[in-house]
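**Q** Residue numbers (our numbering), protein chains in the order written: chain A, -3 to 186; chain B, -3 to 186.
Pasting a structure below so you can have a look.
Protein chains: 2
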Amino acid sequence: MPRWESDAQGRLKRAALELFETQGFERTSVAQIARTAGLTERSFYRYFPDKREVLFADDGLQAHLVAQVEAADPGLTPIEALLAALGTADEIFRPREFLLRRVRVIAASPALAERDLIKLADIADALARALEHRGVEPGKARFIIDVAIAISRRATSRWLADPEATLSDLVAQTAAELREVVAPPTPTVG
Amino acid sequence: MPRWESDAQGRLKRAALELFETQGFERTSVAQIARTAGLTERSFYRYFPDKREVLFADDGLQAHLVAQVEAADPGLTPIEALLAALGTADEIFRPREFLLRRVRVIAASPALAERDLIKLADIADALARALEHRGVEPGKARFIIDVAIAISRRATSRWLADPEATLSDLVAQTAAELREVVAPPTPTVG
């Protein structure tokens, strides 16, 4: 949980996650979330515009990634800078167990899955601007980001399945896997 | 326009696109779209559940891509099979000029851009199942699809900008670009 999250906000998030897990997103009301967190509905709306947003309140991930890309060694290629940044996302994904539960709850609800897609697209847009600041042409920046996000998604799901591995190692391994996947076909000797 | 699209459906789509272009998505009503197409609101709802869906009615793209992947030469690697399929999407994207206008209208409206993301995710899910049928492990199938879609997005935007090029050539060029992007860094000789 990021440092700047208020206790009330954290309680609402944890209550929502637990209710979504036990009874599903659709059957959970804002009133229930607030009650479970020991707060009023009015407090809920002070932090979140609606029920769908509880799991998507700014967790600092986008700002963290953009700052990492902007601070990256100018000698790194664009994809190296992005992958190095994405490999540090575990600094935000804490506690790891919370992320794991969140991923499952999102996968179980089409409404949450849609919101997740949109949030990822916002992060991609912000990273595209950060690469453009490094002098990458916009179309190419978008392409490199789409590829880096593909790597990051696979690495993150491996990281969630394997408590021993570090996210940055898994990002590097997945980048190596991508090189194999797209390697030009070796001509068969006839 | 796909062969199986009824004339009324086609008229509604063209009317909607034109109104979204001239006055924006938000300011266009279903009644206006129907009137412009010379039809009733009731006819509109026979074809589309709401205003947002007009540009996303099934155009056959998903079925086309899945069929292409399923029919692909078993000797192709999964990414080769996917890229070959994606390189034939121009058989669906006709007329090209309609797609170009559609892309611009979608980019100008957050509501349409969200719907577009969700549709792309549905296509990705269907392609993941098609790769799994070819024996690819689910996590890897998803990864290969994310990468292939990144290539396809860049190739399609190039294709829209360059009427002389074929989509399949641009897909192959973009795959080659990806190999360069992810090539291991060459150590600098000191």
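All residues carry an ideal CB built from backbone N, CA and C; glycine is no exception.
Only a predicted model underlies this, so the values are computations on that prediction, with no experimental measurement involved.
Could you pull out every residue in the same chain whose Cβ sits closer than 8 Å to the Cβ of leucine 96 of chain A, ignoring the five residues on either side in sequence?
**A** Position 100 of the first sequence holds residue 96 of chain A. Hits under 8 Å: Leu156.
**Q** Measuring only between beta-carbons, confirm whether valine 178 of chain A sits less than 8 Å from chain B.
**A** Numbered from its first residue, the first sequence carries residue 178 of chain A at position 182. Output row for valine 178 of chain A: interface = yes.
**Q** By Cβ distance, which residues of its chain are closer than 6 Å to glutamine 58 of chain B, with the 5 residues on each side in sequence left out?
**A** For the purposes of this step, residue 58 of chain B is identified with residue 62 of the second sequence, where counting begins at 1. The answer, listed in chain order, is Ile119 and Ala122.
**Q** Reducing DSSP to helix, strand and coil, say where leucine 61 of chain A ends up.
**A** Residue 61 of chain A sits at position 65 when you count from the first residue of the first sequence. In the structure shown, leucine 61 of chain A sits in a helix (DSSP, three-state: H, G or I).
**Q** With a threshold of 16 other CB atoms inside 10 Å of the CB of threonine 18 of chain A, please say whether the residue is buried or exposed.
**A** By one-based count along the first sequence, residue 18 of chain A stands at place 22. Flag for threonine 18 of chain A reads exposed.
**Q** So, at 8 Å on beta carbons, what are the nonlocal neighbours of leucine 35 of chain A in its own chain, with the 5 sequence-adjacent residues on each side left out?
**A** Here residue 35 of chain A is taken as the residue at index 39 of the first sequence, counted from 1. Ala4, Arg7 and Leu8, listed in sequence order.
**Q** With respect to the alpha helix (DSSP H) encompassing leucine 123 of chain A, which residues constitute its N-terminal and C-terminal limits?
**A** Translated into positions along the first sequence, residue 123 of chain A becomes position 127. Taken as a continuous stretch (DSSP letters only), the alpha helix (DSSP H) holding leucine 123 of chain A covers 106 to 129.
**Q** Please work out which residues of its chain come closer than 6 Å, Cβ to Cβ, to alanine 27 of chain B, disregarding the five sequence neighbours upstream and downstream, and give them in chain order.
**A** For the purposes of this step, residue 27 of chain B is identified with residue 31 of the second sequence, where counting begins at 1. Correct list, in chain order: Glu37.
**Q** Can you check whether the CB of aspartate 55 of chain B is closer than 8 Å to the CB of isoleucine 88 of chain B?
**A** The residue you call residue 88 of chain B lines up with position 92 of the second sequence. The residue you call residue 55 of chain B lines up with position 59 of the second sequence. Taking 8 Å as the Cβ cut-off, isoleucine 88 of chain B and aspartate 55 of chain B qualify as a contacting pair.
**Q** By the 10 Å Cβ neighbour count, where 16 or more other Cβ atoms means buried, how is serine 148 of chain A classified, buried or exposed?
**A** Within the first sequence, the letter at position 152 stands for residue 148 of chain A. Buried is the call here.
**Q** Is the Cβ of serine 105 of chain A closer than 8 Å to any Cβ of chain B?
**A** In the first sequence, residue 105 of chain A corresponds to position 109, counting from 1. No - not a single Cβ of chain B is within 8 Å of the one on serine 105 of chain A.
**Q** Can you tell me which of the three DSSP states valine 177 of chain A falls into?
**A** Numbered from its first residue, the first sequence carries residue 177 of chain A at position 181. Reduced to three states, the DSSP call for valine 177 of chain A is helix.
**Q** Quick one: what's got a C-beta closer than 6 Å to arginine 150 of chain A's C-beta in the same chain, skipping five residues either side?
**A** Here the question's residue 150 of chain A lines up with position 154 in the first sequence. Within the same chain, arginine 150 of chain A has close Cβ partners Thr170.
**Q** Run through DSSP, which three-state label would isoleucine 102 of chain B get?
**A** The residue labelled residue 102 of chain B in the question sits at position 106 within the second sequence. Isoleucine 102 of chain B: helix per DSSP, three-state reduction.
**Q** Helix, strand or coil: how does DSSP classify valine 143 of chain A here?
**A** As a first step, residue 143 of chain A is located in the first sequence; it is residue number 147 there, counting from the start. Of the three classes helix, strand and coil, the one that applies to valine 143 of chain A here is helix, per DSSP.
**Q** Within 8 Å, do at least three Cβ pairs link the segment 64 to 84 of chain B to the segment 134 to 141 of chain B?
**A** Because the criterion of three Cβ pairs below 8 Å is met, the segment 134 to 141 of chain B and the segment 64 to 84 of chain B touch.
**Q** Should threonine 32 of chain B and alanine 53 of chain B be called a contact, given that it needs their Cβ atoms to be closer than 8 Å?
**A** Counting from 1 along the second sequence, the entry for residue 32 of chain B is found at position 36. Counting from 1 along the second sequence, the entry for residue 53 of chain B is found at position 57. It is not a contact, given that the beta carbons lie outside the stated cut-off.
**Q** Count the C-beta pairs between the segment 126 to 137 of chain B and the segment 124 to 140 of chain A that are closer than 8 Å, then say yes if the count reaches three, no if not.
**A** Judged by Cβ distances under 8 Å, the segment 126 to 137 of chain B makes no contact with the segment 124 to 140 of chain A, as fewer than three pairs qualify.
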